[in-house]
Amino acid sequence: MSGHAVVRVLLVVAVALLAQETVVLDVRLGGMSPDIMFLLPIAAGVVAGPVEGAAVGFVAGFAADLLAPTPLGLSALVGTVVGFGVGAISGSLVREVRGLPTVVALGASAVAVMLYAVLGAVLGESQFLQVNLALVVVVVAVPNALLAGPTVRLMRWALTSPDERSAAGGMR
Amino acid sequence: MARPRRSRRTLTTLVLLVLLSVTIITLDETGRAHFFTSGMRSLASDIYSPLRRGVNDVLDPVGRFFAGAIYYGSLEQENQKLQNQILAIEGQRSAIAAGQRQLIELERLQATDRLPSIVSLPAVVAEVTAQNVSNFAATVNIDKGGDQGVRLGDPVVGPGGLVGEVVTVHHGSATVRLLTDGKSEIGVSLGHQQQAILEGAGPNRSLQIQYVPSTATVSPGELIETSGLQGAALPPGIPVARVTSVHSVVGAADKQVWAKSLADLNALSYVEVILWSGSS
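Line by line, the protein sequences give chains A and B. Okay, so the first sequence: first residue is 0 according to numbering that gives the first Met the number 0, each after it adds one. Okay, so the second sequence: first residue is 0 according to numbering that gives the first Met the number 0, each after it adds one.
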């Protein structure tokens, strides 16, 4: 990842966090709110692969942890694993098949929520399993699937240089 | 040969980031680097609080405009209903004034009975800036913090009664753990001076009262207040909840008692932080 890419990723994470803390937090479905911070590592994994997915997952998760009343580092851990997993599993397939990022975002967001709840419970936060987990999974995964397309485009802008983007455009 | 090297680099990155995350979790959970982790959280909160307020100030009027346009008819009806209520309330005010004088006298008597009473404690009014930031914790963020005298463990009251207690304090903001949070445990007393522990069972769920002996007399509708036993985290006499259901299980030592908070925890706009920790 180049220096410019790092700056662009940090900008995307900062803006996404602000959106999460304001607009997204006000969206309530059954008392739960969507979580777009898990979408960033998924999009990074789809666009650039496991290393970038893990790195973006760590940064986005850690940023989210700083403002949440939950264990510091837990979202970073989940983001790292999910970003890496998406990048490793999807590989080149997702980048070429239209609409598949939406399905990946749906499944990976669901896995991220469940992993977060289980790891939290393992760390002694037993109340993480007291919430309606199925509802949280739906409220987080469905909006993330709907937002997967724009987020993948945003992450492509952040992670690739203008030369790489124009080369990719020329190949099409 | 390039492929194995790349996959080794990939795995190394994963292992390093996972180890870094686990280290941060360990430092935060054990409290060994509390000054560092809480300092970072304070810094993030101090940076993001004004940004969040700014965005909300810009977006709220837009949201209200659309809400007003969509619900114009019902708003008009509600307006008429509220005007009728104001007329009724004004009629009741004179009767209440006499009752209030008696109540103040009663509170004075109570203050001498249970010291320190919350009436005599200083308090700051705070605005709720965010509710349930995480889906896994029932908390609210408020716009008052250490600079205004708020301390860890301070009780927070809202319309009706106790809302929760302060669990994180930054310079100009704080986080309040609500009664419904799964980690919330508060010493309470029920009628006839029965002591118990009121526990949260997760967001939007009933409150659970633990350690009520099967021989105790508890009935639905009964008022629950903070107990304020010696060394208690909260002062005595703050109204908390009302009993909603009581079940006795044959052979069990304790009754199963459930309650509902007096304050509406899903609709908090302003709360009052009682500066108890500093004065206790």
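We treat Cβ as the ideally placed atom computed from N, Cα and C, and that holds for glycine.
{"Check": "Using beta-carbon positions only, say whether Ser74(A) and Gly60(A) come within less than 8 Å of one another.", "Outcome": "yes"}
{"Check": "Would you identify the three-state DSSP class for Asp27(B), choosing helix, strand or coil?", "Outcome": "helix"}
{"Check": "If you pair each beta-carbon of the stretch 265-276 of chain B with each one of the stretch 146-161 of chain B, do three or more pairs fall below 8 Å?", "Outcome": "yes"}
{"Check": "Would you mind listing the beta strand (DSSP E) stretches within the stretch 132-211 of chain B that are 3+ residues and don't spill past its ends, in chain order?", "Outcome": "138-141, 154-157, 160-168, 173-177, 184-189 and 193-198"}
{"Check": "Compare the C-beta of Pro68(A) with all C-beta atoms of chain B and state if any pair is closer than 8 Å.", "Outcome": "yes"}
{"Check": "Do Val21(B) and Val162(B) have their CB atoms nearer than 8 Å?", "Outcome": "no"}
{"Check": "Is the closest heavy atom of the ligand MG to the C-beta of Gln130(B) under 7 Å?", "Outcome": "This structure lacks the ligand MG, and indeed carries no ligand of any kind."}
{"Check": "With DSSP collapsed to three states, give me the class of Leu158(A).", "Outcome": "helix"}
{"Check": "Listing by chain order, which chain A residues have their CB less than 7 Å from the CB of Asp253(B)?", "Outcome": "Here the premise fails: no neighbours, minimum Cβ distance about 20 Å."}
{"Check": "Taking buried to mean at least 16 other C-beta atoms within 10 Å of its own C-beta, is Val139(B) buried or exposed?", "Outcome": "buried"}
{"Check": "Quick check on Arg97(A): buried or exposed, where buried means 16 or more other Cβ atoms within 10 Å of its Cβ?", "Outcome": "exposed"}
{"Check": "Does the stretch 176-192 of chain B touch the stretch 215-222 of chain B, meaning 3 or more C-beta pairs lie closer than 8 Å?", "Outcome": "yes"}
{"Check": "Do we get a CB-CB distance below 8 Å when we pair Thr150(A) with the residues of chain B?", "Outcome": "no"}
{"Check": "Based on DSSP bridge pairs, tell me the residues matched to His3(A).", "Outcome": "Partner(s): none; His3(A) has no beta bridge."}
{"Check": "For Asp253(B), which of helix, strand or coil comes out of DSSP?", "Outcome": "strand"}
{"Check": "Starting from Glu224(B), trace the beta strand (DSSP E) in both directions and tell me its first and last residue.", "Outcome": "Leu222 to Thr225"}
{"Check": "Comparing alpha-carbon positions, which option in Ala129(B), His169(B), Val165(B) and Gly159(B) lies nearest Gly145(B)?", "Outcome": "His169(B)"}
{"Check": "Helix, strand or coil: which one does DSSP assign to Val217(B)?", "Outcome": "coil"}
{"Check": "Verify whether the separation of the beta carbon atoms of Pro49(A) and Ala87(A) is less than 8 Å.", "Outcome": "yes"}
{"Check": "Less than 8 Å between CB atoms is the rule here; does Val101(A) satisfy it with respect to chain B?", "Outcome": "Inspection of the sequence shows that residue 101(A) is occupied by Thr rather than by Val. Cβ-Cβ to chain B under 8 Å: no for Thr101(A)."}
{"Check": "List, from N- to C-terminal side, the alpha helix (DSSP H) runs of 4 residues or more that fit wholly inside the stretch 33-93 of chain A.", "Outcome": "38-47 and 49-66"}
{"Check": "Using Cβ-Cβ distances below 7 Å, what residues of the stretch 41-62 of chain B are close to chain A?", "Outcome": "Ala43, Ser44, Tyr47, Leu50, Arg51, Val54, Asn55 and Leu58"}
{"Check": "Find the residues of chain A that neighbour Gly201(B), judging by a C-beta separation of less than 7 Å, and give them in chain order.", "Outcome": "Gln126, Gln129 and Val130"}
{"Check": "Hey, Ala232(B) and Ala258(B): beta-carbon distance below 8 Å or not?", "Outcome": "no"}
{"Check": "If the criterion is Cβ atoms closer than 8 Å, does the pair Leu158(A) and Val14(A) meet it?", "Outcome": "no"}
{"Check": "Please state the DSSP three-state secondary structure of Glu163(A).", "Outcome": "helix"}
{"Check": "Give every residue of the same chain whose Cβ lies closer than 8 Å to the Cβ of Leu261(B), excluding the five residues on either side of it in the sequence, and list them in chain order.", "Outcome": "Gly159, Gly160, Leu161, Pro238, Val239, Ala240 and Arg241"}
{"Check": "Mark Gln84(B) as exposed unless 16 or more other C-beta atoms lie within 10 angstroms of its C-beta, in which case mark it buried.", "Outcome": "exposed"}
{"Check": "What do you get for Ser268(B), buried or exposed, if any count of 16 or more other CB atoms within 10 angstroms of its CB means buried?", "Outcome": "exposed"}
{"Check": "Between which two residues does the beta strand (DSSP E) holding Pro238(B) run?", "Outcome": "Pro238 to His246"}
{"Check": "Going straight from the alpha carbon of Leu99(A) to that of Arg176(B), what length do you get?", "Outcome": "40 Å"}
{"Check": "Please confirm if Phe57(A) has its CB atom under 8 Å from at least one CB of chain B.", "Outcome": "yes"}
{"Check": "Give the straight-line distance between the Cα atoms of Gly56(A) and Thr79(A), rounded to the nearest whole angstrom.", "Outcome": "4 Å"}
{"Check": "Does Leu73(A) come within less than 8 Å of chain B when only Cβ atoms are used?", "Outcome": "yes"}
{"Check": "With distance defined between alpha-carbon atoms, name the residue in Arg40(B), Ile24(B), Phe64(B) and Asp27(B) nearest to Ser172(B).", "Outcome": "Arg40(B)"}
{"Check": "Using CA coordinates, which residue listed in Gln19(A), Ala107(A), Asn131(A) and Leu122(A) is at the minimum distance from Leu66(A)?", "Outcome": "Gln19(A)"}
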